[in-house]
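Count the sequence shown with the working numbering and you get residues 1 to 635, in order.
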Amino acid sequence: MKNKSRSFVLIVCCVLILSGSRAFPQAAVPAPRDTPFPGTIRLTVNATDTDRRIFNVRETIPVSGGGSIVLLYPQWLPGNHSPTGRVDKLAGLVIRANGARLEWTRDPADVFAFHVETPAGTTALDVEFQFLSPTETDQGRVVVTPEMLNLQWNAVVLYPAGYFSRQITVESSVRLPDGWQFATALETASTAAGVTTFKPVPLETLVDSPMFAGRYFNRLNLDAAGATPVRLNIVADRAGLLEVKPEQLAAHQALVQQAYKLYGSHHYDHYDFLLALTDRMGGIGLEHHQSSENATVPGYFTEWGKNADARDLLPHEYTHSWNGKFRRPADLWTPNYNVPMRDSLLWVYEGQTQYWGSVLAARSGLVTKQQALDELASTAATYDHRAGREWRPLQDTTNDPIVALRRPLAWRSWQRSEDYYSEGQLIWLDVDTLIREQSRGQRSLDDFARAFFGINDGSRVPATYTFEDVVNALNRVQPYEWEKFLRSRLEGYGPGAPLDGLGRGGYKLVYTETPSDYFKDSEARRKVTDLTYSLGMVIGREDKLTEVMWEGLAYKNALAVGTQVVAVNGTAYTGERLKEAIRDAKRDSSAIELLVKNGERYRTIRMDYHDGLRYPHLERVAGAPARLDQILTAR
Numbered sequence: 001m002k003n004k005s006r007s008f009v010l011i012v013c014c015v016l017i018l019s020g021s022r023a024f025p026q027a028a029v030p031a032p033r034d035t036p037f038p039g040t041i042r043l044t045v046n047a048t049d050t051d052r053r054i055f056n057v058r059e060t061i062p063v064s065g066g067g068s069i070v071l072l073y074p075q076w077l078p079g080n081h082s083p084t085g086r087v088d089k090l091a092g093l094v095i096r097a098n099g100a101r102l103e104w105t106r107d108p109a110d111v112f113a114f115h116v117e118t119p120a121g122t123t124a125l126d127v128e129f130q131f132l133s134p135t136e137t138d139q140g141r142v143v144v145t146p147e148m149l150n151l152q153w154n155a156v157v158l159y160p161a162g163y164f165s166r167q168i169t170v171e172s173s174v175r176l177p178d179g180w181q182f183a184t185a186l187e188t189a190s191t192a193a194g195v196t197t198f199k200p201v202p203l204e205t206l207v208d209s210p211m212f213a214g215r216y217f218n219r220l221n222l223d224a225a226g227a228t229p230v231r232l233n234i235v236a237d238r239a240g241l242l243e244v245k246p247e248q249l250a251a252h253q254a255l256v257q258q259a260y261k262l263y264g265s266h267h268y269d270h271y272d273f274l275l276a277l278t279d280r281m282g283g284i285g286l287e288h289h290q291s292s293e294n295a296t297v298p299g300y301f302t303e304w305g306k307n308a309d310a311r312d313l314l315p316h317e318y319t320h321s322w323n324g325k326f327r328r329p330a331d332l333w334t335p336n337y338n339v340p341m342r343d344s345l346l347w348v349y350e351g352q353t354q355y356w357g358s359v360l361a362a363r364s365g366l367v368t369k370q371q372a373l374d375e376l377a378s379t380a381a382t383y384d385h386r387a388g389r390e391w392r393p394l395q396d397t398t399n400d401p402i403v404a405l406r407r408p409l410a411w412r413s414w415q416r417s418e419d420y421y422s423e424g425q426l427i428w429l430d431v432d433t434l435i436r437e438q439s440r441g442q443r444s445l446d447d448f449a450r451a452f453f454g455i456n457d458g459s460r461v462p463a464t465y466t467f468e469d470v471v472n473a474l475n476r477v478q479p480y481e482w483e484k485f486l487r488s489r490l491e492g493y494g495p496g497a498p499l500d501g502l503g504r505g506g507y508k509l510v511y512t513e514t515p516s517d518y519f520k521d522s523e524a525r526r527k528v529t530d531l532t533y534s535l536g537m538v539i540g541r542e543d544k545l546t547e548v549m550w551e552g553l554a555y556k557n558a559l560a561v562g563t564q565v566v567a568v569n570g571t572a573y574t575g576e577r578l579k580e581a582i583r584d585a586k587r588d589s590s591a592i593e594l595l596v597k598n599g600e601r602y603r604t605i606r607m608d609y610h611d612g613l614r615y616p617h618l619e620r621v622a623g624a625p626a627r628l629d630q631i632l633t634a635r
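Given below as structure tokens:
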């Protein structure tokens with residue numbers, strides 16, 4: 001009898017739960033259709049609460065009559081290639097119709113969807129909520145500081161399910177702190193009483209047109225003689241960081257011209273680089289069709305000589321206007337922001353963009369030829385020591401934005417992480433030099449870029465492509481077994497990196513005891529002691545290991561990320577003391593003794609290492625064609 005009573009109670013509870021329509025809505029989330037949404041959504045954002053870092057949002061969403069409507073919060077974000085919409089930051093959601101509050105219910109299977117029942121005769125929903133942006137880095141990327149903000153419209157909009165994003169029209173407006181200036185690809189309709197209203201655009205365009213705003217602001221023209229405006233819009237932590245020397249401006253202007261010479265087209269009515277010079281707002285590099293979001297070191301201009309490793313950011317994101325936004329992988333295009341993306345072609349989308357970003361940085365003078373060679377040496381060495389290539393093919397790393405969500409990894413060299421970027425860069429160098437070799441210098445990857453990305457000059461309608469389209473386009477430039485070539489590099493295994501492009505380019509990867517200036521500056525900017533190619537580890541802030549190479553010397557001594565180095569040969573640790581100990585160990589047989597701390601446990605380890613410091617460089621191969629030099633030369 002006791003067991004039967006329990007069974008009866010469980011059955012009753014299940015029936016009550018399943019019948020509770022508010023807890024479990026029966027209506028499905030409508031699939032997007034390529035049909036116009038009736039009316040215009042009005043979206044207003046109050047961004048003045050910079051102390052508490054809160055965006056206050058109001059929307060008016062037209063509806064027709066009564067019945068069910070589903071509002072979506074963007075989940076799958078362009079450029080992120082992943083379901084990274086921060087719906088957890090949405091708070092205070094209140095929906096009204098004709099002044100009366102309506103109840104909403106979050107879909108239990110799709111937590112980015114909100115179900116609302118509207119009364120008969122309802123013509124509009126009035127929606128209010130807050131986006132509670134992170135106040136500390138452990139909550140996510142900081143997008144508001146007392147000096148600047150980064151407003152991404154996908155973070156502050158709910159939109160109706162059932163429509164393609166390009167079929168939903170939105171009129172947006174924003175209120176900023178007094179005295180702040182802003183930049184966005186959106187066009188201003190009016191400014192009144194401190195509120196800027198923008199011209200109505202499709203939701204697709206709105207989300208693709210973020211804003212940088214700040215107290216300290218500068219705007220520079222990068223193509224004064226051109227018919228299509230290209231601007232560099234800078235916000236900074238303080239006014240002194242905005243100073244730009246003529247030669248620095250000239251290099252950024254040359255970037256635009258070198259891109260035009262490469263692609264032979266453009267796919268924007270105007271283009272706005274949004275650049276934040278900050279160590280207070282979170283870093284970002286995110287592409288858009290008519291703009292890009294870029295946050296980099298505060299001394300980008302004022303300490304120009306120290307940050308060459310940060311100067312391929314703008315060329316990379318600019319290239320995405322052609323490769324990624326205009327020409328887009330077919331399985332990465334989605335009708336709205338809540339349909340899952342597929343990332344199989346990111347080795348083209350990001351890998352070739354990484355290649356052209358580095359090349360354009362050199363061709364425009366943003367970096368010197370030597371700095372470009374040193375950057376490539378660093379990349380080649382990284383992947384030549386990427387142990388994970390022995391078990392995981394590059395193609396599988398295109399899933400990392402979805403699988404790993406860019407979370408920290410304990411064993412990156414073994415797990416791999418979005419290697420389609422820089423290993424992809426090495427593959428496209430291989431392709432470029434092979435085309436040059438096969439055609440006896442008559443053709444190159446430049447020809448592919450113009451033929452593939454340069455079509456439909458002026459168009460902003462995405463032109464999608466498949467793997468077969470890439471292969472066919474390469475064959476039109478230079479007939480070869482491109483499908484076999486690409487498959488072998490995408491689906492093959494290590495050990496060792498794909499370095500044929502270096503050799504065919506006239507260089508080889510070597511190691512010396514002296515780091516390049518590029519390597520030293522990068523090490524200083526990252527605030528690390530990089531001993532990747534000697535002890536197999538990198539030491540960062542608080543003297544803790546930030547990377548340990550799989551099966552390297554540190555690994556074999558049971559060290560892991562998070563271990564703190566306390567002392568070197570009985571003396572308190574500094575990076576320079578450890579480097580000196582490595583130099584000394586090359587001259588005698590003494591082991592390097594480290595006192596390390598992990599949690600509350602201390603231990604002493606002895607590293608029997610005598611090969612000295614090792615840093616990557618590219619060395620010219622005598623008699624080999626200097627194809628890499630040709631690639632890096634301005635057009």
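From the three backbone atoms N, C-alpha and C, an ideal C-beta is built for every residue, glycine too.
Just so you know, these numbers come straight off a predicted model, no measurement behind them.
Open item on the list: Please report the straight-line C-alpha distance between Gln-478 and Asp-629, rounded to a whole angstrom.
Closed with: 21 Å
Open item on the list: Going by DSSP, what residue range makes up the alpha helix (DSSP H) through Thr-397?
Closed with: 394 to 397
- [ ] Taking only the alpha-carbon atoms, compute the straight-line gap between Leu-77 and Arg-42 and give it to the nearest angstrom.
- [x] 21 Å
Task: Status (buried if at least 16 other CB within 10 Å, exposed otherwise) for Gly-66 - done: exposed
- [ ] Just grab the DSSP bridge partners of Lys-544 for me.
- [x] Gln-564
TODO: Kindly give me the distance between the Cβ atoms of Asp-384 and Gly-496, rounded to whole angstroms, as I take these residues to be in contact under 8 Å.
DONE: 6 Å
TODO: Over the uninterrupted alpha helix (DSSP H) stretch that includes Tyr-263, give me the two end residues.
DONE: 246 to 263
Task: Cα-Cα separation between Ala-622 and Val-157, rounded to whole angstroms - done: 59 Å
- [ ] Counting only the same chain and skipping the five closest in sequence on each side, list residues whose C-beta sits under 7 Å from that of Tyr-573.
- [x] Asp-543, Val-565, Val-566, Ala-567
- [ ] Give the secondary structure of Gln-181 by DSSP, where H, G and I count as helix, E and B as strand, and everything else as coil.
- [x] strand
TODO: Starting from Gln-425, trace the alpha helix (DSSP H) both ways and give me its first and last residue.
DONE: 422 to 438
- [ ] Grab the span of the beta strand (DSSP E) containing Trp-104 for me, first residue to last.
- [x] 104 to 106
Open item on the list: Could you check whether Ser-209 and Leu-668 sit closer than 7 Å to each other, using their CB atoms as the reference points?
Closed with: For residue 668 there is no data in the structure shown, the boundaries of the chain being 1 and 635.
Task: Cα-Cα separation between Arg-601 and Leu-595, rounded to whole angstroms - done: 11 Å
Task: Neighbourhood of Glu-423 by C-beta distance below 6 Å, restricted to the same chain and skipping five residues each side - done: Tyr-383, Leu-394
Open item on the list: Quick check: the Cα distance between Pro-25 and Val-403, rounded to an integer number of angstroms?
Closed with: Confidence at Pro-25 is low in this model, with a pLDDT of 48, below 50, so its placement is unreliable and the value that follows should be read with caution. Going from the Cα of Pro-25 to the Cα of Val-403 covers about 29 Å.
Open item on the list: Helix, strand or coil for Ala-330? Go by DSSP, reduced to three states.
Closed with: coil
- [ ] Taking Pro-202 as the reference, give the member of Gln-248, Ser-172, Thr-196, Arg-219 with the closest Cα.
- [x] Ser-172
Open item on the list: Nearest by alpha-carbon distance to Leu-509: which of Tyr-533, Tyr-493, Thr-123, His-81 is it?
Closed with: Tyr-533
Open item on the list: For the pair the stretch 98 to 107 and the stretch 31 to 51, tell me if three or more CB-CB distances fall below 8 Å.
Closed with: no
Task: Closest residue to Leu-222 among Arg-231, Trp-414, Trp-322 (Cα-Cα distance) - done: Arg-231
TODO: Would you mind sorting Asp-309 into buried or exposed? The rule is 16 or more other CB atoms within 10 Å of its CB.
DONE: buried
Task: Close beta carbons around His-610, own chain, < 6 Å, minus the five adjacent residues each side - done: Ala-585, Lys-586
Open item on the list: What ranges does the beta strand (DSSP E) occupy inside the stretch 154 to 203, keeping only unbroken runs of at least 3 residues that lie completely in it?
Closed with: 169 to 175, 181 to 184, 188 to 192, 195 to 198
Task: Neighbourhood of Asn-80 by C-beta distance below 7 Å, restricted to the same chain and skipping five residues each side - done: Pro-401
Task: Rounded C-alpha distance that separates Ala-189 from Val-174 - done: 12 Å
Task: CB contact flag (Val-116, Ile-61, <7 Å) - done: no
- [ ] Report the three-state DSSP secondary structure of Phe-37 (helix, strand or coil).
- [x] coil
Open item on the list: Just to confirm the assignment, what range does the alpha helix (DSSP H) spanning Ile-539 have?
Closed with: No alpha helix (DSSP H) holds Ile-539; the beta strand (DSSP E) holding it covers 537 to 539.
- [ ] Report the three-state DSSP secondary structure of Pro-401 (helix, strand or coil).
- [x] helix
Open item on the list: Per the DSSP calculation, Arg-101 is bridged to which residue(s)?
Closed with: Arg-96
- [ ] With DSSP collapsed to three states, give me the class of Asn-569.
- [x] coil
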